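Step one of this worksheet: look at the structure below.
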Amino acid sequence: MELGVCYYPEHWPESTWKPDAERMKDLGIRWVRVGEFAWSRLEPEDGKLDFAWLDRIIDILGKSGLKVVLGTPTATPPKWLLDKYNDIYQRDVQGRKRGFGSRRHYCFSSPSYQEETRRIVTLLSERYGKHEAVGAWQTDNEYGCHDTVRCYCQNCRQAFRDWLKYNYADINALNEAWWNVFWSMDYLSFAEIELPNLTVAEANPSHMLDYYRFASDALIAYNQLQTKIIREHSPGRLITHNAMIYFGDFDHFELARDLDVISWDNYPLGMLEHSPLPETTKEQFLRSGHPDLISFNHDLYRGVKRRPFWVMEQQPGQVNWAPSNPLPAPGVVRLWSQQAFAHGANVVSYFRWRAARGAQELMHAGLNLHDGSPDRASAEAKRVFEEIPEESAGQITAPVALLFDYENLWATDLQKHAQAWSYWGIQVSWYMVLRSFGLDVDIIHPREDLSGYKAVFAPALHLVDDLLAEHLSDYVRAGGQLVIGPRSGAKTLTNIAQAPAPGPLADLMGLRIDHVDALRPGFEEEVEFQGSLYAYTTWADLLTPTKAEVLANYQSPAYVGAAAITRRALGTGHCTTVGMWGSPELNAVIFSSILRTAAVPLLHLPDGLRLSRRGNIDYLLNFNQEPITLDGGLEQAGEVIGPHEVILLRR
Ligand code: GAL
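Heads up: the sequence shown is residues 105 to 755, going by the numbering used here.
Here you go:
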């Protein structure tokens with residue numbers, strides 16, 4: 105486990121570089137990311153290259169015993185380059201040009217930009233690919249940031265038509281798959297198909313879903329363009345990309361195939377401010393962020409490649425981009441860093457070394473203040489370094505998995521049907537319950553190997569086909585406990601209704617679903633489960649059992665008595681269907697009874713206190729502003745853990 109930092113030498117006088125490198129080393133930093141926004145300083149004018157400064161800083165870092173993560177600068181093409189071509193700028197959903205003056209102003213489908221990317225990435229990787237100090241590469245920076253995955257330019261239109269033709273071959277196959285007979289939307293050729301923007305009413309959700317798939321594929325192809333060149337010139341170096349918090353506009357499972365390691369950028373306070381959590385929770389975790397909101401991302405990115413990940417940018421203090429930007433409490437940067445390691449990070453790298461004096465992020469903290477003197481997080485980073493266990497980074501063996509799929513995110517959020525519906529929301533609400541039991545959770549793709557898990561949780565398994573149904577049934581037959589949530593089995597892969605629902609999952613779930621209830625935000629209905637009443641909100645599937653037994657019934661006057669939770673025995677396992685978006689209390693009761701059947705030992709941790717296990721180390725993390733007396737089944741019951749404290753216990 106190692107530490108890193110994001111560094112912008114081009115922002116500071118050269119006289120600071122050496123002392124900076126020495127201080128990085130003193131803090132225990134190993135990796136230094138440079139270069140990802142530096143295009144205008146690497147190539148100030150068309151045809152005029154200046155790599156000498158980058159040579160010098162890489163040498164300085166290398167001589168100080170630091171390793172470089174070299175970023176390709178493609179998130180920020182310079183003005184002269186944009187002026188040279190007329191097809192690089194993105195177009196927003198209204199068709200307007202997204203102009204120069206910030207970043208990410210390019211379109212993935214632009215042939216000119218692809219060519220310019222090839223050129224700059226080749227130059228960089230030829231020059232530095234075998235440099236001793238360069239240990240890793242980062243492609244671009246945060247693909248999709250500032251809403252830039254989906255572009256509506258002419259190049260995208262053509263590329264989308266080509267993508268459709270490749271995937272459907274025959275226009276009638278597409279008409280059928282999209283149900284274009286509706287509203288006379290039939291096409292005679294692929295050349296007639298537009299991007300799904302500027303329609304009068306909403307565009308066909310099948311059209312939208314394919315456009316989202318296309319946009320994700322275009323981004324991934326653009327990334328491949330870079331990784332292919334880097335691999336050729338820089339053998340043996342890791343290639344990564346820094347993904348974002350709760351960002352679902354492209355398929356990260358697919359992106360990660362072309363990376364050696366996935367990394368992500370962890371900004372817990374900004375994330376909390378932007379989250380839909382209740383105001384009281386936001387106040388409670390104002391200066392630490394919510395542990396589960398953070399670790400959901402750690403567990404997802406660990407699951408995306410099923411191996412350790414990096415945190416490429418770790419918040420080191422205040423950020424500048426949330427509606428309000430509180431200072432983290434003392435100790436919290438250490439808490440975040442240890443939490444990342446506990447969930448499988450191999451590197452935690454702070455963003456940024458020194459606070460920027462100008463431009464958009466001048467209110468954003470770094471490990472150092474604007475004048476270069478150490479800010480509060482420097483000492484915390486050093487402490488994290490000193491606490492890094494000597495033994496090599498251990499494995500995480502999670503007893504349970506949560507199934508997450510970007511296509512289900514797109515499809516359900518495209519047709520929310522209930523205003524409060526959110527795919528992230530239901531995923532996180534299920535995850536929080538599992539974490540409150542002290543369980544390590546793998547967040548993985550539904551089509552992954554499930555055989556190692558005692559229980560598997562699948563909220564909103566929306567788009568299904570026979571293969572997926574077979575895969576899940578195999579898991580259950582072999583003794584698995586599968587829990588399927590609301591909105592599952594509702595659609596085919598092209599986003600049209602299964603008739604009847606849940607389509608290919610009917611046998612596994614042992615039921616059919618003819619009606620769904622979509623509630624107003626905040627409106628609560630009740631189910632009766634094991635003799636008690638529990639609330640649910642937002643969504644309810646009315647279950648009609650065919651082969652399943654009924655465990656709970658709805659109490660809503662509109663459908664009183666309808667089955668709400670069912671269980672189907674298959675082989676030596678069970679498939680439990682939870683038809684509604686249950687309250688945390690309801691989910692806790694259902695999940696704990698399933699986990700007992702699966703022989704998974706459970707704790708009952710208070711809010712904000714979390715346990716994670718990696719290798720032979722147990723990490724106990726207190727995200728509360730108050731000390732907590734440990735109980736809930738923990739071995740350390742009776743001991744006190746301080747506010748924002750982390751305890752590492754060797755087993
Ligand atoms: C990230 C980005 C960085 C910086 C940071 C500020 O999204 O990759 O370049 O903008 O946020 O928090």
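Just so it is clear, CB atoms sit at the ideal spot from N, CA and C, and this is done for glycine as well. Just so it is clear, the structure is predicted and the values come from calculations on it, not from any experiment.
So residue i is in the beta strand (DSSP E); what residue range does that whole segment cover?
| i | result |
| --- | --- |
| LEU715 | 713–718 |
| GLU417 | 413–418 |
| ASN370 | 365–370 |
| TYR723 | 721–726 |
| VAL253 | Note, VAL253: premise wrong, no beta strand (DSSP E); not H, not E. |
| PHE678 | Correcting the residue identity first, residue 678 is His in this sequence and not Phe. First-last of the beta strand (DSSP E) with HIS678: 677–682. |
| ALA562 | 559–562 |
Could you check what DSSP says for residue i in three-state terms: helix, strand or coil?
| i | result |
| --- | --- |
| HIS337 | helix |
| LYS171 | strand |
| GLU653 | strand |
| GLY407 | helix |
| PRO309 | helix |
| ALA582 | coil |
| TYR315 | helix |
| TYR112 | coil |
| GLU743 | coil |
| ILE500 | coil |
| ALA668 | strand |
| THR598 | coil |
| TRP425 | coil |
Please classify residue i as buried or exposed, where buried requires at least 16 other C-beta atoms within 10 Å of its C-beta.
| i | result |
| --- | --- |
| ALA263 | buried |
| HIS356 | buried |
| LEU153 | exposed |
| LYS171 | buried |
| ARG757 | Outside the modelled stretch of the chain, which goes from 105 to 755, sits residue 757, for which no answer is possible. |
| LEU471 | buried |
| HIS772 | As shown, the chain starts at 105 and ends at 755. That puts residue 772 outside it, with no answer to give. |
| VAL197 | exposed |
| VAL68 | Beyond the ends of the chain as shown, which are 105 and 755, falls residue 68; an answer cannot be given. |
| LEU571 | exposed |
| SER636 | exposed |
Could you pull the start and end residues of the alpha helix (DSSP H) that residue i belongs to?
| i | result |
| --- | --- |
| TYR217 | 215–232 |
| ALA610 | 610–613 |
| ILE698 | 688–701 |
| ASN284 | Per DSSP, ASN284 belongs to no alpha helix (DSSP H) and is neither H nor E. |
| LEU758 | Any answer about residue 758 is impossible in this case: the structure gives the chain only from 105 up to 755. |
| SER379 | Run containing SER379: none; DSSP gives neither H nor E here. |
| SER540 | 527–540 |
| GLU490 | 480–491 |
Hey, how far is the Cα of residue i from the Cα of residue j?
| i | j | result |
| --- | --- | --- |
| ASN276 | ARG591 | 29 Å |
| LEU646 | VAL704 | 29 Å |
| THR178 | ARG438 | 32 Å |
| GLU417 | MET375 | 14 Å |
| SER428 | TRP440 | 20 Å |
| TRP514 | TYR535 | 19 Å |
| SER496 | GLY476 | 33 Å |
| GLU552 | LEU186 | 42 Å |
| ILE547 | GLY435 | 28 Å |
| SER660 | ALA692 | 21 Å |
| VAL423 | ILE349 | 14 Å |
| ARG231 | GLU126 | 25 Å |
| LEU623 | ALA644 | 8 Å |
| PRO604 | ILE398 | 38 Å |
| SER392 | LYS201 | 38 Å |
| LEU715 | THR501 | 13 Å |
| MET128 | PRO181 | 29 Å |
| TYR193 | HIS209 | 5 Å |
| ARG616 | ALA639 | 23 Å |
Cβ atoms of residue j and residue i: under 9 Å apart, would you say?
| i | j | result |
| --- | --- | --- |
| VAL587 | ALA559 | yes |
| ASN346 | SER320 | no |
| ALA444 | VAL415 | yes |
| LEU554 | LEU597 | no |
| ARG195 | CYS257 | yes |
| THR344 | ALA240 | yes |
| ASP130 | LYS595 | no |
| LYS301 | ALA295 | In the sequence as displayed, the identity of residue 301 is Asn instead of Lys. Against a cut-off of 9 Å, the Cβ pair of ALA295 and ASN301 comes out as no contact. |
| VAL750 | LEU674 | no |
| PRO412 | ALA481 | no |
| GLU246 | ASP163 | no |
| GLU629 | ASP621 | yes |
Report whether the distance from the Cβ of residue i to the nearest heavy atom of the ligand PLP is below 8 Å.
| i | result |
| --- | --- |
| TRP528 | Here the bound small molecules are the ligand GAL; the ligand PLP is not part of this structure. |
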